[in-house]
Amino acid sequence: MTVTHVVGAGIAGLAAAVHLTKAGRKVALHEAANQAGGRCRSFLDAKLDRQIDNGTHLILGANPSLFALLNAVGGRLVAQAPAAFPFFDRQACKGWTIKPSKGAIPWWVLNPGARLPDTSALDYIGGWRLMKAQADESVAQAVGNGEMLERLWGPLCEAILNTSPEQGQARLLGEVLKRSLLKGEAACRPYTAPEGLSAAMIDPALDWLQRQGAEIRFNHRLSGIDKGELIFDDGERIGISQMSPAILAVSPWIAADLLPALPRFETRPIVCAHFLLPKPEEKLPGGRNYLGIVRGLGQWWSLRGDVLSVTVSAATGLAMETAPEIAAKLWAECALMLGLPKEPPAYRVMKEQRATIAHTPDAERLRPDVADGPPGLFLAGDWTNTGLPCTLEGAAFSGQRAAQHILLS
Ligand SMILES: Cc1cc2nc3c(=O)[nH]c(=O)nc-3n(C[C@H](O)[C@H](O)[C@H](O)COP(=O)(O)OP(=O)(O)OC[C@H]3O[C@@H](n4cnc5c(N)ncnc54)[C@H](O)[C@@H]3O)c2cc1C
Numbered sequence: 000m001t002v003t004h005v006v007g008a009g010i011a012g013l014a015a016a017v018h019l020t021k022a023g024r025k026v027a028l029h030e031a032a033n034q035a036g037g038r039c040r041s042f043l044d045a046k047l048d049r050q051i052d053n054g055t056h057l058i059l060g061a062n063p064s065l066f067a068l069l070n071a072v073g074g075r076l077v078a079q080a081p082a083a084f085p086f087f088d089r090q091a092c093k094g095w096t097i098k099p100s101k102g103a104i105p106w107w108v109l110n111p112g113a114r115l116p117d118t119s120a121l122d123y124i125g126g127w128r129l130m131k132a133q134a135d136e137s138v139a140q141a142v143g144n145g146e147m148l149e150r151l152w153g154p155l156c157e158a159i160l161n162t163s164p165e166q167g168q169a170r171l172l173g174e175v176l177k178r179s180l181l182k183g184e185a186a187c188r189p190y191t192a193p194e195g196l197s198a199a200m201i202d203p204a205l206d207w208l209q210r211q212g213a214e215i216r217f218n219h220r221l222s223g224i225d226k227g228e229l230i231f232d233d234g235e236r237i238g239i240s241q242m243s244p245a246i247l248a249v250s251p252w253i254a255a256d257l258l259p260a261l262p263r264f265e266t267r268p269i270v271c272a273h274f275l276l277p278k279p280e281e282k283l284p285g286g287r288n289y290l291g292i293v294r295g296l297g298q299w300w301s302l303r304g305d306v307l308s309v310t311v312s313a314a315t316g317l318a319m320e321t322a323p324e325i326a327a328k329l330w331a332e333c334a335l336m337l338g339l340p341k342e343p344p345a346y347r348v349m350k351e352q353r354a355t356i357a358h359t360p361d362a363e364r365l366r367p368d369v370a371d372g373p374p375g376l377f378l379a380g381d382w383t384n385t386g387l388p389c390t391l392e393g394a395a396f397s398g399q400r401a402a403q404h405i406l407l408s
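Here numbering that gives the first Met the number 0 is used: the first residue of the sequence shown is 0, the next is one more, and so on.
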């Protein structure tokens with residue numbers, strides 16, 4: 000049987016490999032690193048003596064491609080039902096919980112107990128403006144400046160697009176709102192990985208592929224693409240053609256190195272600080288094991304046992320500071336709110352400098368399609384034109400789409 004080659008074992012490459020294998024293809028997956036997962040991975044941190052993730056990932060029910068992958072391989076995510084999103088405003092010292100409605104009509108905006116305090120239903124017109132925005136409008140331009148930008152649309156933009164509201168494309172954020180808040184509670188339901196991202200998603204996918212006879216080659220870096228051949232750093236060459244196509248599922252900056260005709264995207268960092276608490280905790284203020292912080296520095300807190308993880312997206316300024324500076328600043332907020340000592344406990348600061356591309360209107364125009372590579376090479380990855388921001392769902396969708404092109408070609 001001929002082998003279909005997939006390069007890159009992040010979520011996009013894994014989704015492609017699983018899709019092809021399910022369809023009866025023999026697959027070889029080539030990964031440059033010594034582990035799979037790419038920008039979504041866990042590791043044992045020696046200092047904390049805990050399994051931690053490179054960054055907290057928010058996964059919602061509205062992720063059909065990701066769940067197709069996880070259902071196929073026996074992934075292990077846990078639903079937090081019913082969907083509810085507690086927030087705390089550091090400036091106003093007020094908390095609230097957004098409770099999405101069961102069905103598609105967002106009745107929650109009519110319910111003062113399910114929306115932001117001191118707002119009226121009319122204030123949520125910004126959501127409609129995001130969905131109807133022109134391609135060149137930023138989030139701030141679409142919704143206008145003011146409290147709703149600061150307290151709702153801005154934080155959502157940074158969390159979902161990893162781009163500031165002044166730069167993030169309004170329409171892309173609107174698309175995510177359409178697929179989540181406008182689909183009802185189940186689509187908004189957050190899913191967590193109690194034992195980490197790798198245990199929940201990456202390891203089950205690798206195990207499943209291996210059981211099905213796929214070949215997985217770690218430390219096997221693609222170093223060039225030339226005259227219809229994939230050239231690996233150990234000298235191996237694999238021919239590709241329309242009759243024998245392959246999938247390139249590497250990160251965007253690597254794809255642009257390998258194929259200079261592709262756009263070189265600006266990227267944005269995400270900073271995540273993991274703190275070891277004195278004892279395991281079950282809940283954060285607001286009653287869940289996650290909490291959104293508005294008008295503070297840390298934007299998203301999440302709790303796993305005795306590890307509190309604080310995430311800052313679109314963290315261009317913060318990512319330039321040292322780990323002790325970042326830990327001190329982020330912990331100061333946690334200590335104050337949780338009534339813990341001011342001195343930071345043991346911590347690990349992860350700076351993912353190129354967490355995602357910057358989702359500006361200009362960048363959105365440039366995202367390539369699956370068939371924009373050279374003949375016989377289909378493109379996958381969260382940065383391709385998926386209609387979604389760079390997310391696990393976008394990555395899984397892109398991998399399955401590339402695999403489907405091969406199956407139909
Ligand atoms: C800190 C952080 C927080 C995030 N939070 C969220 C979130 O809350 N929700 C969400 O949905 N998404 C989130 N994301 C985004 C999500 O992680 C990515 O969209 C997704 O993991 C991208 O997958 P990918 O397969 O497209 O790319 P990658 O993960 O970049 O995978 C590419 C793979 O290709 C390999 N590779 C690179 N070069 C070569 C080569 N030359 N030869 C062979 N292999 C190569 C890499 O090692 C890697 O394994 C977050 C990302 C980060 C970094």
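Glycine included, each C-beta is placed from N, C-alpha and C at the ideal position.
The model shown is predicted, which means the values in this text are computed figures rather than measured ones.
query: Segments of 3+ residues assigned as beta strand (DSSP E) that fall wholly inside the stretch 13-85; result: 25-29, 41-44 and 49-52
query: Near ligand 1: GLU410 beta-carbon under 8 Å from a heavy atom; result: Outside the shown range of the chain, which is 0 to 408, sits residue 410, and nothing can be said about it.
query: N- and C-terminal bounds of the beta strand (DSSP E) containing GLY223; result: 221-225
query: Whether LEU376 touches LEU229 by CB criterion (9 Å); result: yes
query: Backbone CA spacing between THR118 and TRP106 [nearest angstrom]; result: 14 Å
query: ASP135, DSSP secondary structure in three states; result: coil
query: Contacts around GLU351, its chain only, beta-carbon distance under 7 Å, and the 5 residues preceding and following it disregarded; result: ARG38, ASN53, GLY54, PRO268 and ILE269
query: Buried versus exposed, by CB contacts within 10 Å (16 or more), GLY125; result: buried
query: From GLN209, MET130 and SER222, residue whose alpha carbon lies closest to that of THR20; result: GLN209
query: Any non-hydrogen atom of ligand 1 within 8 Å of ASP202 CB; result: no
query: Opposing strand residues paired with CYS271 [DSSP bridges]; result: THR310 and MET349
query: Alpha carbon of LYS278 to alpha carbon of LEU307, nearest angstrom; result: 11 Å
query: CB-CB length for ILE51 against HIS273, believed under 8 Å; result: 5 Å
query: Three-state secondary structure assigned by DSSP to ARG128; result: helix
query: Distance cut-off 8 Å: ILE325 Cβ against heavy atoms of ligand 3; result: You won't find ligand 3 in this model; what it holds is ligand 1.
query: Under the three-state DSSP convention, the category TRP382 falls into; result: coil
query: beta-carbon THR3 near ligand 1 non-hydrogen atom, thresh 8 Å; result: no
query: Bounding residues of the alpha helix (DSSP H) (the contiguous stretch that carries SER301); result: Element bounds for SER301: not the alpha helix (DSSP H) but the beta strand (DSSP E), 299-303.
query: Proximity test, LEU391 beta-carbon vs ligand 1 heavy atom, cut-off 8 Å; result: yes
query: Status (buried if at least 16 other CB within 10 Å, exposed otherwise) for MET242; result: exposed
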